[in-house]
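Shown next, in structure tokens, is the structure this report addresses.
Residue numbers (the numbering used here), protein chains in the order written: chain A, 5 to 243; chain B, 5 to 243; chain C, 5 to 243; chain D, 5 to 243.
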């Protein structure tokens, strides 16, 4: 079993009459849980900003193999200790999957070391995502490309370190391109940034989108518990 | 001075009444020479398929810092010894810039080890190229993006090894994306693949296109003559 | 089940009274089969140079998920059609693990596009291999480093393209270093080059060496049968 | 002219009777200035921890093309605003060269996003550095390998993101290896981490060490002033 924790800011969906509420009445985390829940190898819990410790005390992180992260309005409300705890857990092997506007989440920015900024436009462009690494486990089951009928436009330059692998590049009908599926390794942990999922559209219910996230959970899940830990950097005196 | 050799297949442009002849009456190599000739740090010669040794005897390669390559109909007419000579010279430090349909040139395929195939469509789409590595010497002087009004569509999946850096990604109006500017290092040599330049349009006269090629010549030019040569793999017995 | 084919040149071990014969009386392939055979998820066959089609007709490759390759004296005896068949199968998703002197095997050289040459010395140095990517599936179960008491020295510069990941770097008592465990993706296929295994020592019986190879088989095994095939590069006309 | 700023913590060398003082009586920054001063294309200034703003107010950074950084005892004394200013300037194009124990400097850690930790031992091992990227501008003029007679041992696992290129790997007589010369791109800026330079030995006077640093200054120096700046992430509304 892969122990998955889905973190969601869960603010915008609670605004009465808002488009995010219409798209995701129970919150994006609950939609993701519903979509991913069909995978029998996942054991899923959720966590949100309003919970104590943002729902991510050390005990929860210790029991998490892969952490998904969705947020956009309240990035700065995630306190330092949570950010540091998440980043440290990733370096020790936990998988991490920031989704969509999670590109500006504090744990992702900390792990990347860059601004993680990008160009964007809310215009419900059509997006077409192209597979650029056809044997990668994350694109299992995908055709050569698939579409999202209405999506916020994200465009280059996306200020991230060169990813280890770019498995999907997005084309937007308004004229932009974007590295939409990016793999990184940091320490013992694997990170997959995935661009789709604007809060006003039910994007996470598109089958290919759900398939990518499920594949990414399996790819970022730690292959094993590292033998290293503190010993990594132990003195060499006793060699 | 950077010693540049522009290689062109130079077949299609000689077909009477053809569109390539209309676009490039003296051949693509002469157009490139004209465009690049304004750079005072370049010393340019040309070579074509019909010349003895394809215009690329060892003596010419020995005096070439950077080789540009354009071809599309007659890739298979380039004989093994020329292919091997070019590839070996790249590994020893010569810069190599395959242009457009040069993605299927035999030296590039040999150096990549993959099929170098891609999707394509002749439809005079509009292409917009986005900078994805804003400090790279190859994008010096470029804006965030620039356009080619009419270009053959090249689309992913482009079957190349993961480039060291992708500095430009192309967007096509018909719905495709393409890694249009790709940097590779092989041995002591640097390679830059650049996608624009269909034979039926005067693409190489577009200022940004010429600027990229000039920048790429400077980036792929060897920083020095390697001290290594045969010594690289000398026996270690005399250590 | 992962279908593994172990290819061995199997020439040197048949020389009466030779050190390779003493180390591997039944051939290196049979030693590898014995060592790897304890993994219940592997279904193993072997193939050697002297068999028809080098034991690698298309039918065998089609039923192979991961191909191991050991050779050193007779690289040039492997004919073009076998080389091309193996390389094409890798691009279509088969895992490929060249071992030790397999760095100069023709399929590996073709897939890399470089000379794949290196420095070497037969001196039975002590080698110590250090883990440089602690969460990678290939180092599962390994300590921070492990040793090979007697090994042929392989030294840098190793003329390969920059690997996607270097998971092990070797230290040799005579003063050399070597990128001993290198991951590559080519097309839909994954490649792992692993340096240990000189023919005069029973290196493949060292537990950590066997563990790395078993892990590498699981990592290079295709995650799925690509949906792509010919469709990858189909015309875009029908879009 | 390349405008170089050499930053040094400059604490240990002021301890009376200490070994760093004996090795570098005027401070490591002054030794580096002396060594690098023979390059006529460099315009060099220095800055130290005790100066106001650590000698790195925005005005100095704005006039700096490449920043060298040496520190080991007082990393935590560099305040947040200096760290943030340096990191932001790197993303906007300034070259950055952390030396030796600068692997744990706050700007480098922030830009990497990992712990940047490593194994180490003070034992005056002999180090031999091997070139692993023979055509790279940073190894211009170097032989296949060179030695440092007495150096603090740094060993893997070095917890950094996979470098874009590793141009030097170090071998230590006590049994360790280390990625000693690592290239990174972050935003518009280039970073080169270089391992040699323990404070108790006059390592920076070794010709090959000085040559690598001079080459690295030229390689990390911005190729141009990016046209981007704020425009990178401007709204796309006016497209």
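All C-beta atoms in this analysis are idealised placements derived from N, C-alpha and C, irrespective of residue type, glycine included.
The model shown is predicted, which means the values in this text are computed figures rather than measured ones.
With 16 other CB atoms within 10 Å as the buried threshold, where does residue i fall?
i, result
"residue 226 (chain B)", "buried"
"residue 200 (chain C)", "buried"
"residue 165 (chain A)", "buried"
"residue 31 (chain B)", "buried"
"residue 18 (chain C)", "exposed"
"residue 20 (chain D)", "exposed"
"residue 239 (chain A)", "Confidence in residue 239 (chain A) is poor, its pLDDT being 38 and thus under 50, which makes the residue's placement too unreliable to answer from."
"residue 229 (chain A)", "exposed"
"residue 153 (chain A)", "exposed"
"residue 220 (chain D)", "buried"
"residue 22 (chain C)", "exposed"
Which residues in chain D sit within 8 Å of residue i, going by Cβ to Cβ distance?
i, result
"residue 116 (chain A)", "117"
Using a Cβ cut-off of 8 Å (strictly closer), state whether residue i contacts chain D.
i, result
"residue 66 (chain B)", "no"
"residue 132 (chain C)", "yes"
Can residue i be considered in contact with the ligand GDP, in the sense that its beta carbon sits closer than 7 Å to one or more heavy atoms?
i, result
"residue 130 (chain A)", "Here there are no bound small molecules, and the ligand GDP is not part of this structure."
What in chain A is Cβ-close to residue i, meaning under 7 Å?
i, result
"residue 165 (chain D)", "165, 190"
Using C-beta distances below 7 Å, list every residue in its chain close to residue i, excluding the 5 sequence neighbours before and after it, in chain order.
i, result
"residue 136 (chain D)", "170, 171, 172, 173"
"residue 68 (chain B)", "7, 9, 98"
"residue 103 (chain C)", "72, 73, 74, 198, 201"
"residue 145 (chain C)", "215"
"residue 1 (chain D)", "A query on residue 1 (chain D) cannot be resolved here, the shown segment of chain D reaching from 5 to 243 and no further."
"residue 177 (chain B)", "129, 130"
"residue 108 (chain B)", "79, 120"
Once you ignore the five residues that flank residue i on each side, which residues in its own chain have a CB closer than 6 Å to its CB?
i, result
"residue 113 (chain B)", "120"
"residue 123 (chain A)", "159"
"residue 143 (chain B)", "135, 171"
"residue 15 (chain D)", "77, 78"
"residue 185 (chain B)", "171, 172, 198"
"residue 125 (chain B)", "157"
"residue 33 (chain C)", "10, 12, 50"
"residue 132 (chain C)", "149, 151, 175"
Nearest chain B C-beta to residue i closer than 8 Å, yes or no?
i, result
"residue 129 (chain D)", "no"
"residue 177 (chain D)", "no"
"residue 168 (chain C)", "yes"
Excluding the 5 residues preceding and the 5 following residue i in the sequence, name in chain order all residues of the same chain whose CB lies nearer than 8 Å to its CB.
i, result
"residue 87 (chain C)", "110, 111, 114"
"residue 35 (chain A)", "28, 206, 208, 209"
"residue 5 (chain C)", "45, 46, 47"
"residue 218 (chain C)", "40, 43, 46"
"residue 127 (chain A)", "156, 157, 178"
"residue 141 (chain A)", "219, 222, 223"
"residue 58 (chain D)", "11, 51, 52, 82, 83, 86"
"residue 193 (chain A)", "93, 94, 95, 96, 97, 98, 99, 100, 224, 226"
"residue 190 (chain A)", "94, 95, 115"
At 7 Å on the CB atoms, spell out the chain B contacts of residue i, in chain order.
i, result
"residue 136 (chain A)", "160, 161"
Please list the partners that residue i has in chain B, where partner means a Cβ-to-Cβ separation under 9 Å.
i, result
"residue 180 (chain A)", "132, 134, 149, 175"
Using the beta-carbon of each residue, which ones in chain C are nearer than 8 Å to residue i?
i, result
"residue 141 (chain A)", "227, 228"
Could you work out which residues of chain B lie near residue i, taking near to mean beta carbons separated by less than 8 Å?
i, result
"residue 59 (chain D)", "Near residue 59 (chain D) there are no residues of chain B at all, since even the closest Cβ is about 25 Å away, more than 8 Å."
Flag residue i as yes if its beta-carbon sits less than 8 Å from any beta-carbon of chain A, otherwise no.
i, result
"residue 240 (chain C)", "Here residue 240 (chain C) scores only 39 on pLDDT, less than 50, and its place in the model should not be relied on; the value that follows carries that caveat. No, no contact with chain A."
Q. For the segment 92 to 106 of chain B, which residues have a beta carbon sitting closer than 7 Å to at least one beta carbon of chain D?
A. Going along the segment 92 to 106 of chain B in chain order, one finds 97 with a Cβ nearer than 7 Å to chain D.
Q: Taking only beta carbons into account, state which residues of the segment 209 to 229 of chain D come closer than 7 Å to chain F, listed in chain order.
A: Looking at the structure shown, chain F is missing, and the protein chains on hand are A, B, C and D.
Q: Give, in chain order, every residue of the segment 193 to 208 of chain C whose Cβ lies closer than 8 Å to some Cβ of chain A.
A: 193, 194
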